[in-house]
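In order, the protein sequence lines correspond to chains A and B. Sequence positions in the first sequence follow my numbering and run 1 to 242. Sequence positions in the second sequence follow my numbering and run 243 to 309. Worksheet: one structure, shown below.
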Amino acid sequence: MEKIYSHPKSLRNLSTHYCPGCGHGIAHRLIAEVVDELGIREKVIAIAPVGCAVIAYDYWDFDCSEAAHGRALAVATAIKRVRQDNIVFTYQGDGDLAAIGTNETIHAANRGENVCVFFINNAVYGMTGGQMAPTTLLNQKTSTTIKGRDAGLHGYPLKISEMLALLPGVKYIERTSLHSPPEIIKTKKAINKAFLNQIEGVGFSLVEILSPCPTYWGMAPKASLDWIRDTMSKEFPLGRIK
Amino acid sequence: MPKIIIDRDKCKGCLLCVSFCPKKLISKDRGLNKKGLNPVKFSDKSGCLGCALCAIICPDCCIEVYK
Ligand SMILES: Cc1ncc(C[n+]2csc(CCOP(=O)(O)OP(=O)(O)O)c2C)c(N)n1
Ligand code: SF4
Ligand code: SF4
Ligand code: SF4
Ligand SMILES: [Mg+2]
């Protein structure tokens, strides 16, 4: 009998601090699997965000840096420009990438930095207690939109991936989801494509990953996945954006 | 016969593997693990397809699959 599925080498065999059913664990594993399969473990440098994934550097078994909240793409720019042989990626939540870090995100994309971005959209600020994020859906209840997000008061869900796709410096954007095994496999393919783009010098590549936050959605883990399938992916359609 | 091995003490009992196993071979363990949570167990060892859907969905990388 052969072992056909186990722990990737690039992911330490630790128990994470994530809540049961949290998508961050799946996303970390997929990145680690692709790093192993491409044989780039000695070359890769991750930039961890501020958010629930702030200690991702404790979980990945390759080089990592931390950035101040929202500044991951500024740090990635610096590292990639001085160490062009390394493979550099950021891992950022919706609050990190599309609220406090909007400026850094847009300008790194517009400069066409040859880096990868893995953007974890869970439609809330997880780490700080489930507040509204730029990507919170209309009518979605969060700790700061207790009656649901209201367009008149809070604005609309921000489609930052579609906005970034307008920039000529951006070469690849795809939106994927973690709500089922087939979607997880598609997410892994998109991560693989983003890394290959960087290796081949194609340029700025971003994968937006719809990811469950059962705790602050107030749902059981399976119900969270169903909510992505039935509701969240209607607002944030899956597939290639650029 | 394909089989899985679950890391009982790493498991957080989210039950996603239970939902996605097409053969319904995984179930909640009524005992507690070191975390003080109810993990899951490979309760029915016959008929495993080795499809790895349980391992692919597991957010905590607790499942090894053998085929
Ligand atoms: C400069 C600064 N401002 C605010 C915060 C507080 N803060 C920490 S994480 C976070 C938002 C996290 O949300 P997101 O990026 O979506 O990550 P998630 O936890 O949902 O994965 C905020 C506002 C901070 N740490 N630093
Ligand atoms: S609060 Fe949400 S995003 Fe943060 S670890 Fe828990 S489930 Fe995951
Ligand atoms: S490998 Fe497939 S059939 Fe076997 S326990 Fe996992 S999901 Fe069920
Ligand atoms: S998916 Fe993983 S963490 Fe969740 S119950 Fe199954 S083995 Fe445990
Ligand atoms: Mg978030």
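Cβ coordinates follow ideal geometry from the N, Cα and C atoms, glycine included.
Which of helix, strand or coil DSSP assigns to residue i
i        : result
A/Met132 : strand
A/Phe236 : coil
A/Tyr18  : coil
A/Ile185 : helix
A/Glu104 : helix
A/Gln198 : helix
A/Lys80  : helix
A/Lys9   : coil
A/Phe204 : strand
A/Ser224 : helix
A/Leu138 : strand
B/Lys254 : coil
B/Phe284 : strand
B/Ser269 : strand
B/Asp249 : coil
A/Phe118 : strand
A/Phe89  : strand
A/Cys64  : strand
A/Thr231 : helix
A/Ile191 : helix
B/Ile298 : helix
B/Leu274 : coil
A/Thr145 : strand
A/Leu210 : strand
Best match in the options for proximity to residue i [C-alpha to C-alpha]
i        : options                                : result
A/Glu208 : A/Asn122, A/Leu38, A/Ser10             : A/Asn122
A/Tyr172 : A/Pro221, A/Gly126, A/Ser180, A/Ala190 : A/Ala190
A/Met132 : A/Asn114, A/Gly155, A/Leu73            : A/Gly155
B/Lys254 : B/Met243, B/Pro301, B/Ile246           : B/Pro301
A/Thr231 : A/Ala27, A/Trp217, A/Asn86, A/Ile199   : A/Trp217
A/Met1   : B/Val260, B/Gly292, B/Leu258, B/Ser269 : B/Gly292
A/Phe204 : A/Leu11, A/Arg240, A/Ala223, A/Leu164  : A/Leu164
A/Cys52  : A/Glu37, A/Lys193, A/His28             : A/His28
A/Ala68  : A/Tyr91, A/Gln140, A/Val82, A/Glu183   : A/Tyr91
A/Gln84  : A/Ile228, A/Pro214, A/Gln198, A/Lys242 : A/Gln198
A/Gly201 : A/Tyr59, A/Gly112, A/Lys43             : A/Gly112
B/Lys266 : B/Arg250, B/Gly278, B/Gly289, B/Ile305 : B/Gly289
B/Ile248 : B/Lys276, B/Phe284, B/Gly273, B/Phe262 : B/Phe284
A/Glu235 : A/Gln140, A/Leu11, A/Ala223            : A/Gln140
Cβ separation of residue i and residue j, assumed to be a contact under 8 Å, to the nearest whole Å
i        : j        : result
A/Leu225 : A/Pro212 : 6 Å
A/Ser233 : B/Lys252 : Actually they do not touch by this definition, with Cβ atoms about 29 Å apart.
A/Leu178 : A/Leu210 : 7 Å
B/Asp313 : B/Asn280 : Not covered by the structure: residue 313 of chain B. The range shown for chain B is 243 to 309.
A/Lys80  : A/Val115 : 5 Å
A/Thr142 : A/Gly152 : Between A/Gly152 and A/Thr142 the Cβ distance is about 17 Å, and since that is not below 8 Å, they are no contact.
A/Val170 : A/Ala72  : A/Val170 to A/Ala72, Cβ: 16 Å. No contact.
A/Ile100 : A/Gly126 : So it is not a contact: roughly 14 Å between Cβ atoms.
B/Cys303 : A/Gly25  : 7 Å
A/Lys43  : A/Asn86  : 5 Å
B/Val282 : B/Ile299 : Not confirmed; about 12 Å, so no contact.
CB contact flag (residue i, residue j, <9 Å)
i        : j        : result
A/Ile45  : A/Asp63  : yes
A/Thr135 : A/Pro157 : yes
A/Val117 : A/Leu97  : yes
A/Thr187 : A/Leu30  : yes
A/Phe195 : A/Phe89  : yes
A/Ala221 : A/Pro20  : Checking the sequence, you will find Pro at residue 221 of chain A rather than Ala. Yes. Within cutoff.
A/Leu137 : A/Asp150 : no
B/Pro244 : B/Lys309 : yes
A/Lys160 : A/Thr105 : At residue 160 of chain A the sequence reads Ile, which differs from the Lys that was named. For A/Ile160 and A/Thr105, yes; Cβs fall inside 9 Å.
A/Arg41  : A/Val35  : yes
B/Val307 : A/Lys9   : no
A/Ala48  : A/Glu66  : yes
B/Cys256 : B/Ala297 : no
A/Glu174 : A/Arg229 : no
A/Tyr59  : B/Ala294 : no
To test your reading of the DSSP string, which unbroken alpha helix (DSSP H) runs of 4 or more residues are found completely within the stretch 20-58 of chain A? Note on the stretch 20-58 of chain A: whole alpha helix (DSSP H) runs with a minimum of 4 residues are 23-38, in chain order.
Quick one: complete alpha helix (DSSP H) runs, 4+ long, within the stretch 149-183 of chain A?
-> Listed in chain order, the complete alpha helix (DSSP H) runs (minimum 4 residues) inside the stretch 149-183 of chain A are 151-154, 160-164.
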